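Chains as they are written, first to last, in this note's numbering: chain Y, 1 to 318; chain R, 319 to 569.
Virtual Cβ for every residue (Gly too), placed ideally from N, Cα, C.
Because the structure is a prediction, the values reported are computed rather than measured.
Right, one structure below, let's go through it.
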Ligand SMILES: Nc1ncnc2c1ncn2[C@@H]1O[C@H](COP(=O)(O)OP(=O)(O)O)[C@@H](O)[C@H]1O
Ligand SMILES: [Mg+2]
């Protein structure tokens with residue numbers, strides 16, 4: 001192991017131990033906050049896989065809802081164990097993404113963005129319109145929580161650990177994909193689709209693959225969310241939530257794996273700490289957002305990259 | 319034997335016939351020149367052959383198989399790779415990664431390989447192949463540089479390296495010498511010959527007449543989307559129609 005990997009390893013280990021110890025030092029309300037934050041990390045990282053191909057969609061949060069509804073319906077009405085419905089939630093979102101690729105990937109860029117929004121809204125309207133089985137506007141309540149060895153998963157601490165484990169695994173998978181030749185091909189599709197095609201890359205296939213994998217993981221995130229909340233409604237997956245995802249990714253930066261994570265964490269913590277300022281909160285949030293986009297167009301990831309370079313030069317000069 | 323047969327290919331854009339009933343063949347193993355004034359339809363012909371456009375009418379046969387209307391990636395799979403008129407690279411990737419993308423067909427990885435690295439052989443195969451191509455094109459020393467940082471000559475060489483990594487039977491080169499000084503042109507000509515000597519057939523679109531006459535065994539001349547002349551370099555040089563339409567213009 002070389003020096004640089006060692007620092008990386010130490011940072012990861014410290015982070016992980018910190019995350020394991022953290023909930024015991026938090027108040028109830030902040031334990032909740034951490035659970036949703038970790039779920040949101042999975043939402044932004046899976047979204048980034050999609051953006052690797054250069055396509056930005058507005059359907060990601062709706063796909064999260066697809067996972068959530070699948071998991072809620074199967075566990076509540078069909079009696080399937082939550083341990084099974086969570087992966088099935090991901091699978092159903094991925095399958096739906098596969099089916100939607102044919103019409104959606106006829107479009108690219110701005111048209112794709114709008115197309116994905118329209119399809120997403122259509123799905124959301126279906127949840128509102130078809131009271132059976134989706135429960136209309138009020139959605140589905142009394143969604144069961146997972147059961148295992150008598151552990152109470154209504155309690156935030158056990159659920160926090162469940163979410164931490166599942167999300168860590170998912171992030172590992174997403175990281176491996178990005179660093180593999182598949183990740184390279186996705187990048188190639190982004191930067192020069194015709195050149196990629198000319199050497200035999202089926203760009204449609206790779207866009208679909210990215211969309212399906214992103215939906216798989218955001219579907220799992222959706223299931224994790226609603227089995228903690230205990231209910232699912234169409235309003236949890238509206239365009240408002242999608243805007244937050246976009247903001248996190250843009251402010252964090254999307255050129256590195258960790259950029260969107262930084263964005264989600266920093267902005268969520270900021271938002272949470274402004275809670276007492278109530279009516280000023282959106283205004284402060286908005287101003288900070290504008291400032292960060294104006295002065296850090298490359299995102300927060302750029303600062304950490306600068307820091308890394310600085311440490312490197314400091315090391316080599318000493 | 320004809321490797322590539324173009325039969326009465328037309329391509330219309332609205333009312334404009336960018337190509338009008340053009341036929342020609344490229345023989346297996348040759349360097350075939352495709353020349354003509356700007357707007358003659360050369361690039362359009364390349365796009366039709368490589369599947370980026372499909373011809374309005376006419377057929378394109380490769381190795382005896384009809385290929386018109388197939389997608390670019392399927393045509394690449396059959397062994398035809400094009401390069402682009404404007405030097406087109408993955409500028410944000412390193413030279414090595416650029417060529418690795420070119421190895422896509424040679425060693426495509428699936429999700430499980432990507433996750434668990436089970437199939438190390440596929441990865442290995444791609445890496446070895448990419449290094450071999452880089453060496454062949456004289457780019458080994460630059461392999462970790464970003465593509466965008468390369469000088470023009472190396473960028474052109476990299477564009478061909480990407481194409482070569484896909485192990486094509488036929489490469490369509492669109493103005494590979496444009497903007498180069500005589501020394502760079504000479505080097506690129508050597509590289510082009512070297513690629514051809516490995517058994518790859520080349521169709522070459524180029525304005526540099528010295529290069530075309532020096533490299534090509536047969537030449538096809540287009541003018542306003544129609545076939546103007548066909549023949550050996552010497553015949554083309556002396557063809558009155560060609561001289562009037564093209565060579566007469568100061569070349
Ligand atoms: N996508 C297109 N839409 C409309 N016209 C086009 C298109 N592509 C090429 N053309 C026209 O077709 C003619 C041939 O272009 P092109 O094949 O690029 O010529 P060359 O490569 O020989 O210089 C030109 O008149 C050009 O304007
Ligand atoms: Mg051209």
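| Check | Outcome |
| --- | --- |
| Interface flag, residue 171 of chain Y vs chain R, CB-CB below 9 angstroms | no |
| Rounded C-alpha distance that separates residue 548 of chain R from residue 532 of chain R | 16 angstroms |
| Which of helix, strand or coil DSSP assigns to residue 364 of chain R | helix |
| Assigned secondary structure, residue 505 of chain R (DSSP; H/G/I helix, E/B strand, else coil) | helix |
| Spatial distance of residue 8 of chain Y from residue 185 of chain Y (CA atoms) | 26 angstroms |
| Segments of 3+ residues assigned as beta strand (DSSP E) that fall wholly inside the stretch 247-285 of chain Y | none |
| Opening and closing residue of the beta strand (DSSP E) in which residue 327 of chain R lies | 320-331 |
| Selected residue, minimal CA-CA separation from residue 121 of chain Y, among Y:262, Y:147, Y:58 | Y:58 |
| Counted within 10 angstroms of its Cβ, other Cβ atoms place residue 172 of chain Y as buried (16 or more) or exposed | exposed |
| Cβ-heavy atom distance, residue 523 of chain R to ligand 1, below 8 angstroms | yes |
| Which of helix, strand or coil DSSP assigns to residue 79 of chain Y | coil |
| 9 angstroms Cβ cutoff met for residue 143 of chain Y and residue 72 of chain Y | yes |
| Contact list for residue 410 of chain R against chain Y, beta-carbon separation under 8 angstroms | 187, 191 |
| Residue 47 of chain Y versus residue 60 of chain Y - alpha carbon distance | 7 angstroms |
| Where residue 413 of chain R falls: helix, strand or coil (DSSP) | helix |
| Whole-angstrom distance between residue 242 of chain Y and residue 344 of chain R, CA atom to CA atom | 54 angstroms |
| Any C-beta of chain Y under 9 angstroms from that of residue 388 of chain R | no |
| Backbone CA spacing between residue 179 of chain Y and residue 256 of chain Y [nearest angstrom] | 11 angstroms |
| Residues of the stretch 438-449 of chain R with Cβ closer than 9 angstroms to any Cβ of chain Y, in chain order | 440, 441, 444 |
| Spatial distance of residue 163 of chain Y from residue 13 of chain Y (CA atoms) | 18 angstroms |
| For residue 517 of chain R and residue 354 of chain R, the rounded distance between their alpha carbons | 26 angstroms |
| Closer than 9 angstroms to chain R by CB, residue 196 of chain Y | yes |
| Three-state secondary structure (DSSP) of residue 2 of chain Y | In this predicted model, residue 2 of chain Y has a pLDDT of only 48, less than 50, meaning its place in the structure is not dependable enough to derive any value. |
| Residues that residue 380 of chain R bridges to, as DSSP identifies them | R:322, R:383 |
| Beta-bridge pairing of residue 572 of chain R - partner residues as DSSP gives them | The structure shown does not extend to residue 572 of chain R, since chain R spans only 319 to 569, so no value can be given for it. |
| Within the stretch 17-74 of chain Y, ranges of the alpha helix (DSSP H) (whole runs, at least 4 residues) | 28-51 |
| Of the residues Y:135, Y:78, Y:38, Y:217, the one placed nearest residue 266 of chain Y, counting alpha carbons only | Y:38 |
| Within 9 angstroms, strictly: CB atoms of residue 329 of chain R and residue 359 of chain R | yes |
| Contact with chain R by residue 176 of chain Y, beta-carbon distance below 9 angstroms | yes |
| Cβ neighbours of residue 503 of chain R in the same chain (closer than 7 angstroms, five flanking residues each side left out) | 495, 526, 529 |
| Paired residues, beta bridge with residue 109 of chain Y - DSSP | Partner(s): none; residue 109 of chain Y has no beta bridge. |
| is_contact[residue 165 of chain Y, chain R] using C-beta, thresh 9 angstroms | no |
| Where the stretch 473-485 of chain R meets chain Y: residues whose CB sits under 8 angstroms from a CB there | 480, 481, 483, 484 |
| Min CB distance residue 553 of chain R to chain Y below 9 angstroms | no |
| Extent of the continuous beta strand (DSSP E) to which residue 536 of chain R belongs | 536-541 |
| Residues from the stretch 198-222 of chain Y in contact with chain R, defined by Cβ distance under 9 angstroms | 198, 199, 200, 201, 202, 203, 204, 205, 209, 213 |
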